[in-house]
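Undergrad: Have a look at this one.
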Amino acid sequence: MAAAPAVAYGLTAHALTTDNLPLEDRRAAGAVFGLLLLAGCALAARAAPAAEERVSRWEPRARGVRGACLAAALVMAVMPLGVLLTGSDVRDCRPTGIGGNVDRVTSLEGNQRGPWWCEAGRGWRLAPVAGNGAGSFPVIELRTRATGNGLVQTRDPHGMWPEAASALGTVGVALLALVWGLAGWALVRRRVPSALAAVPLAAFAQAQADWVMSWPAVAVPVGVAIGLIAGGPRAATRRRVAGEPARAAALAVGVVAVAAAAWLPYLAEHALVDGQDALYVRGDPGGAYRLASRAASLNPLAIEPAQLKGQALAAAGDRRGALNAFREATRVQPDNPASWQSLAQALPGDASASRAAWARVAELDPHSPALAARRGG
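Each step along the sequence shown adds one to the number in our numbering, with nothing skipped, and position 299 is 328.
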């Protein structure tokens, strides 16, 4: 009940349910949604003691409800198979259109899911065993899409299994199925509080046709819930054993490593944005180069800092340095067509190196708008 106002607003607010609106309108509506969500959390915390007492009286009768929820989650897992078997867009990757109106909540058309799953399937065929790497779908999609329509590009295929197949391959899909299978088996065998059981069940159901498990704010609580369910009551009552301090230290190191992995790219992005402002707003190539170098040191796996360094050096008249920076981008991400396109555009149009770079773009992004413009089509 505490979440009802936020949910109702999210499904009815014009700024959140209508396409092609200014970003400022959406930001204002998002602020209202956030306030309603915070108010709901405060109300839930206030009502928690009374709710806990009622839930404790209802809990003995909840096993059947949990079974029904588990069955519903399994049905949700099977439903995408119908789209895979009947949708022609899943086979040829042709876009079906995409919209942001609220009526898509009740639509069974998939809202572009079919083509995205098709692209993920083609990505799996490129690397069927180990996959193309976590977070690789934006690049893989360029290689596997059927048209150059940028309006339907996405960062994720919006489906847990297609995403795992493309990113992690058969090995990753098997491990993912093992984790969810163990969680489901624990739910069936153990007496788990309904509120705890609802967390992975709801996430599992929605993840069949969405990308919620790619969001840390969702994936972390779900992972904790799965751990509590799989661990069972023994995890809270077991005695202290030798080696626990070492395990605690290892856990702390892991937490710090995960935090750094999230924080450093964030700092790199800020340095990159400041560098772009320095180059394009203030006209300061030297400052842009320094900020791009800082971004590269914080996130050495990104190509944008190398590209910005190349642009800054080109603006300063250092053509050789610019070409070296663009070549560095192709070494950082050799399968990203954007790195090859920036190099190709920096090279003379009649040079063999330029033709080779454009050939690489054609291989990695056959429907590239820049490539089509170069061909005159």
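By construction, the Cβ of each residue, glycine as well, lies at the ideal position given by its N, Cα and C atoms.
If I measure Cβ to Cβ from Thr199 and keep anything under 7 Å in the same chain, skipping five residues before and after, which residues do I get?
TA: If we look at Thr199 and ignore the five residues flanking it on each side, its Cβ neighbours are Pro157, Val158.
Undergrad: Is the separation between the beta-carbon of Phe166 and that of Arg184 shorter than 8 Å?
TA: Cβ atoms of Phe166 and Arg184: closer than 8 Å.
Undergrad: So which of Ala335, Ala401, Ala149 has the shortest CA-CA distance to Ala325?
TA: For the residues Ala335, Ala401, Ala149, the minimum Cα distance to Ala325 belongs to Ala335.
Undergrad: Exposed or buried, what is Val282 when buried is set at 16 or more other beta-carbons lying within 10 Å of its beta-carbon?
TA: With fewer than 16 other Cβ atoms within 10 Å, it is exposed.
Undergrad: Once the 5 residues before and after Arg323 are set aside, which same chain residues still bring their CB inside 7 Å of it?
TA: Closer than 7 Å at Cβ, skipping near neighbours: Ala300.
Undergrad: Could you tell me the alpha carbon to alpha carbon distance between Gln182 and Ser223, rounded to whole angstroms?
TA: In a straight line, the C-alpha of Gln182 is about 38 Å away from that of Ser223.
Undergrad: In terms of residue numbering, what span does the alpha helix (DSSP H) encompassing Asp306 cover?
TA: Taken as a continuous stretch (DSSP letters only), the alpha helix (DSSP H) holding Asp306 covers 273 to 309.
Undergrad: Just checking, does the stretch 166 to 181 make contact with the stretch 200 to 220 on the three C-beta pairs under 8 Å criterion?
TA: In short, these stretches do not touch, since the Cβ pair count stays below three.
Undergrad: Could you name the residues of the same chain whose beta carbon sits closer than 8 Å to that of Arg404, not counting the 5 residues immediately before and after it, in chain order?
TA: So no residue of the chain qualifies.
Undergrad: Near Cys122, which residues of its chain fall below 8 Å by C-beta distance, leaving aside the five closest residues on each side in sequence?
TA: Contacts found: Pro144, Cys147, Glu148, Arg151, Thr173, Arg174, Ala175.
Undergrad: I'd like to check one pair, Tyr309 with Ala341: are the Cβ atoms closer than 8 Å?
TA: For Ala341 and Tyr309, no; Cβs fall outside 8 Å.
Undergrad: Among the residues of its own chain, which have a CB less than 7 Å from the CB of Ala399, if the five just before and after it don't count?
TA: So the qualifying residues of the chain are Gln370.
Undergrad: Can you find a C-beta in chain D that's less than 8 Å from the C-beta of Ala224?
TA: The structure shown contains no chain D; it holds only a single protein chain.
Undergrad: What's the call for Ala290, buried or exposed, on a 16-neighbour Cβ count within 10 Å?
TA: It counts as exposed.
Undergrad: Ordered along the chain, which non-local residues of its own chain (more than five positions away) have a Cβ less than 7 Å from that of Leu171?
TA: So the qualifying residues of the chain are Pro366, Leu393, Asp394.
Undergrad: How close, in whole Å, do the beta carbons of Ala193 and Leu205 come, if the pair is a contact with beta carbons under 8 Å?
TA: Confirmed, Cβ separation roughly 5 Å.
Undergrad: CA-CA distance, Pro229 and Pro250?
TA: Cα to Cα, Pro229 sits roughly 9 Å from Pro250.
Undergrad: Around the Cβ of His187, are there at least 16 other Cβ atoms within 10 angstroms (buried) or fewer (exposed)?
TA: Counting Cβ neighbours within 10 Å, His187 comes out buried, since at least 16 surround it.
Undergrad: In three-state DSSP terms, what is Ala248?
TA: Here Ala248 sits in helix by DSSP.
Undergrad: With distance defined between alpha-carbon atoms, name the residue in Leu320, Ala238, Val217, Arg276 nearest to Gln141.
TA: Looking at the Cα atoms, Ala238 is the closest of the given residues.
Undergrad: Within 10 Å of its beta-carbon, does Val390 have 16 or more other beta-carbons around it, so buried, or fewer, so exposed?
TA: It is buried - the Cβ of Val390 has at least 16 other Cβ atoms within 10 Å.
Undergrad: Where does Asp54 fall in DSSP's three states?
TA: Asp54 falls in the helix class under three-state DSSP.
Undergrad: Roughly how many whole angstroms lie between the Cα atoms of Ala44 and Glu357?
TA: When rounded, the distance between both Cα atoms is 42 Å.
Undergrad: Return the CA-CA distance between Leu207 and Ala286, expressed in angstroms with no decimal places.
TA: Between Leu207 and Ala286, the C-alpha separation is close to 25 Å.
Undergrad: Does Ala265 pass the burial test, meaning 16 or more other C-beta atoms within 10 Å, or should it be called exposed?
TA: Its pLDDT being 46, under 50, Ala265 is placed unreliably by the model, and nothing is read from it.
Undergrad: DSSP state of Ala264, grouped into three classes?
TA: Its pLDDT being 47, under 50, Ala264 is placed unreliably in this model, and the coordinates cannot settle the point.
Undergrad: Under three-state DSSP, which class holds Trp240?
TA: It is coil, neither helix nor strand.
Undergrad: To the nearest angstrom, report how far apart Ser243 and Asp313 are at their CA atoms.
TA: Taking the straight line joining both Cα atoms gives about 37 Å.
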